[in-house]
Amino acid sequence: MSLFDQKIHWKSIWSQTGLLLHVPAAMAAVSLIICVIYQEWFALIPLISVAVFGFGVGQLLYRLFLKEENNAHLWDAMIIAANGWLMCSILAAVPFFWIATERLYAGVISDNLVIFSHPINALFEAFSGYTSTGLTMLQKTGPFPKILYWWRSFLEWTGGLGLVVFILSLTHLNKMGFQLYYAEARTEQMSNNITQTAHWMWAIYVFYTGIAIFLFWLFGMTPWEAINHAFTALSTGGFALDQNSFANFSPLIQGTAIFMMILASMSFLVHFRLIRDKKWKILLKSQQTRLLIFFLLGGWLIVVGLNYWNETKIQWMSSFFDWTSALTTCGFSSTKLSTFSPMTKLFLIMGMFVGGATGSTCGGIKLRRLIYLLGGVMLRLKTLTQKKEKQITDHYRSTKDPLNSEPPGVDLPKTEQSERLYTAGVLFFLWTFSLLIGWFLILKWTPSGQALDALFEVTSAMSNVGLTSGLLTPEFSSFGKCIFMLMMWIGRLEIIPAIILLLSIPMTLKQKD
0 MSLFDQKIHW KSIWSQTGLL LHVPAAMAAV SLIICVIYQE WFALIPLISV AVFGFGVGQL
60 LYRLFLKEEN NAHLWDAMII AANGWLMCSI LAAVPFFWIA TERLYAGVIS DNLVIFSHPI
120 NALFEAFSGY TSTGLTMLQK TGPFPKILYW WRSFLEWTGG LGLVVFILSL THLNKMGFQL
180 YYAEARTEQM SNNITQTAHW MWAIYVFYTG IAIFLFWLFG MTPWEAINHA FTALSTGGFA
240 LDQNSFANFS PLIQGTAIFM MILASMSFLV HFRLIRDKKW KILLKSQQTR LLIFFLLGGW
300 LIVVGLNYWN ETKIQWMSSF FDWTSALTTC GFSSTKLSTF SPMTKLFLIM GMFVGGATGS
360 TCGGIKLRRL IYLLGGVMLR LKTLTQKKEK QITDHYRSTK DPLNSEPPGV DLPKTEQSER
420 LYTAGVLFFL WTFSLLIGWF LILKWTPSGQ ALDALFEVTS AMSNVGLTSG LLTPEFSSFG
480 KCIFMLMMWI GRLEIIPAII LLLSIPMTLK QKD
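Listed below in structure tokens is the structure:
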């Protein structure tokens with residue numbers, strides 16, 4: 000069957016997209032509590048409007064096409080995930096724009112409010128929040144509503160675990176649930192029941208968030224700071240309440256943040272087994288966890304060495320903090336990255352590209368795929384034996400038409416191992432290719448001599464990190480910001496669902512002909 004002969008069930012797609020619209024609606028409803036606590040009554044109408052619109056349109060779409068749910072297949076699930084993340088991010092931008100505009104009309108003078116009164120900046124913040132990236136337009140001083148600080152943190156906390164996981168924990172989608180779970184770039188399960196898996200993930204997530212809030216408060220944060228930073232630490236999002244991120248906090252608080260970033264970069268399956276079996280050796284049994292620890296320690300030594308070699312006056316604690324933030328794709332920072340040498344920036348880019356474990360809240364290509372690719376390298380080396388040499392020689396001697404023959408390659412057996420290697424290789428290619436295309440486009444608005452900074456920003460966006468070299472500011476080109484939003488979106492979905500969504504348009508048109 001041709002790729003373009005794949006049938007797409009649009010009614011089922013819109014039904015499940017309607018379910019996803021309930022997420023920002025529920026978030027807006029919960030956020031009304033913050034309005035009451037801090038008496039920010041001006042935010043009531045925008046949040047109520049988002050809640051009513053999300054619930055109303057979501058229910059309409061879901062119930063209108065409910066009977067078509069069982070017709071959906073994996074392609075449809077991919078489109079649902081890609082389309083749902085787009086629509087939810089657009090809806091989540093409304094509070095930023097509406098509240099900022101209302102405050103300016105009320106006579107409140109604030110540079111940040113002016114920034115978010117621009118629709119592109121509001122949309123950028125929403126995309127960055129839901130994808131748990133952490134790149135922000137909030138870079139000026141002045142009054143800013145607490146409800147919008149909360150909204151940023153809440154977006155990251157919800158998006159870090161995933162919109163689909165949120166819906167799966169509240170519904171019973173059976174077969175469709177497995178497909179949606181896979182479409183949101185998740186594969187590891189804790190139960191054969193996908194709803195039970197979602198429940199366990201949320202339980203672990205909330206449990207660690209509670210621990211983070213307590214520790215941040217214990218070591219000196221206010222309750223408000225502790226809640227917001229716990230949300231953005233466990234989601235590896237990186238939004239902070241201060242434009243200096245963690246630079247002004249004590250070493251104890253920075254150490255707590257490092258601990259939480261590492262926890263968040265580990266697979267939920269490892270956490271589940273650790274909590275269930277209460278055996279610490281489970282951590283060392285996981286290949287991803289062992290590789291994560293190796294990369295954390297080895298990378299820290301390299302960053303410290305590079306800073307010393309380049310005579311950069313950055314303390315070892317800051318080096319470890321920023322390297323951990325890069326590898327775990329969190330986005331917190333303890334120093335201005337513009338002070339780092341080009342070599343250190345390039346090394347941080349490598350860390351952001353890799354990311355943490357699969358089944359975590361991290362971005363990047365993930366450690367599991369790196370393990371598969373390294374295994375593929377070893378497999379390739381093993382094939383280059385005398386036996387393989389004889390096969391190559393026999394191939395060339397027996398070829399009747401050398402000009403039209405294919406060169407001999409490595410014929411992998413059709414096993415689960417080769418399938419994993421193939422999948423990892425495809426994603427690695429797509430990730431690298433997309434990264435280079437994004438870098439190429441962003442260079443259009445990059446000042447001369449800052450090409451490395453452009454690569455840093457693009458990698459940070461696509462790997463959903465949030466660290467910045469200082470290139471991306473509110474004054475950056477609106478078209479360039481749209482490219483960054485696209486990079487954040489495809490990075491969060493791990494590219495394939497985004498490609499399928501784009502292909503669905505010509506596929507549908509072809510089927511109608």
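Heads up: the sequence shown runs through residues 0 to 512, numbered per numbering that gives the first Met the number 0. Cβ coordinates follow ideal geometry from the N, Cα and C atoms, glycine included. No experiment lies behind these values; they were computed from the predicted model shown.
If you draw a straight line from the Cα of G330 to the Cα of G469, it comes to about 13 Å. Distances from the CA of W13 to each of L426, G437, R62 were compared; the closest alpha carbon is that of R62. Annotated three-state conformation of V457 is helix, per DSSP. Assigned with DSSP and collapsed to three states, C329 falls in coil, not helix or strand.
In this chain, the alpha helix (DSSP H) harbouring N82 covers 73-104.
For the pair A246 and G219, the Cα-to-Cα distance works out to about 14 Å. The stretch 23-38 and the stretch 97-112 do not touch, with fewer than three beta-carbon pairs separated by less than 8 Å. Apart from the 5 residues on each side of it in sequence, L295 sits with its Cβ closer than 8 Å to the Cβ of I261, W322, T323, L326 in its chain, given in chain order. Around the beta carbon of F428, fewer than 16 other beta carbons sit within 10 angstroms, so the residue counts as exposed. Short of 7 Å from the beta carbon of P222, and not among the five residues preceding or following it, lie these beta carbons of its own chain, in chain order: W216. Secondary structure note for K145: its alpha helix (DSSP H) is the uninterrupted segment 145-160. Between the alpha carbons of K278 and K284 lies a gap of roughly 11 Å.
Per DSSP, P142 is not a residue of any alpha helix (DSSP H), being assigned neither H nor E. L112 is not a Cβ neighbour of L20, given a cutoff of 8 Å.
Excluding five sequence positions before and after T235, the CB atoms of its chain that fall closer than 7 Å to its own CB belong to S131, G159, M260, A263, S264, T327, T328, C329, T360, C361, given in chain order. Inclusion of G53 and P23 in the CB contact set at 8 Å is warranted, their separation being smaller than that value. C-alpha of V93 to C-alpha of L60: approximately 20 Å in a straight line. Relative to the Cα of L268, the nearest Cα in the group Y204, M349, T458 belongs to Y204. G106 counts as exposed, since fewer than 16 other C-beta atoms from the protein chains shown sit within 10 angstroms of its C-beta.
Distance from F126 to W488 at the Cβ level is roughly 6 Å; contact confirmed, criterion being Cβ atoms closer than 8 Å. DSSP places S340 outside any alpha helix (DSSP H), giving it a letter other than H or E.
Beyond the five residues adjoining it in sequence on each side, A28 comes within less than 7 Å, by CB distance, of A50 in the same chain, given in chain order.
For W279, the secondary structure class from DSSP, reduced to helix, strand or coil, is coil. The criterion of a C-beta distance shorter than 8 Å is satisfied by G375 and L420. Taking A453 as reference, the option from L345, G354, L366 with the minimal CA-CA separation is L345.
If you draw a straight line from the Cα of L290 to the Cα of G424, it is about 19 Å long.
Our two residues, I495 and I436, have alpha carbons roughly 16 Å apart in a direct line. Taking one beta carbon from each stretch, the stretch 239-256 and the stretch 341-358 have fewer than 3 pairs nearer than 8 Å; the two do not touch. Burial is judged here by how many other beta carbons sit within 10 angstroms of a residue's own beta carbon; M189 has at least 16 and is buried. Classified as buried, D75 has 16 or more neighbouring CB atoms from the shown chains inside 10 Å of its CB. For the options L485, M77, V303, S417, the alpha carbon positioned closest to that of W438 is the one of L485.
Spanning the alpha carbons of T472 and V464 requires a straight line of approximately 16 Å. As summarised for the stretch 4-51, the continuous alpha helix (DSSP H) elements at least 4 residues long and confined to that stretch are 9-19, 21-36, given in chain order.
Per DSSP, the continuous alpha helix (DSSP H) segment holding F215 begins and ends at 193-217. With a cutoff of 8 Å on beta-carbon distance, A182 and A80 are scored as near each other. If you draw a straight line from the Cα of S332 to the Cα of T382, it is about 44 Å long.
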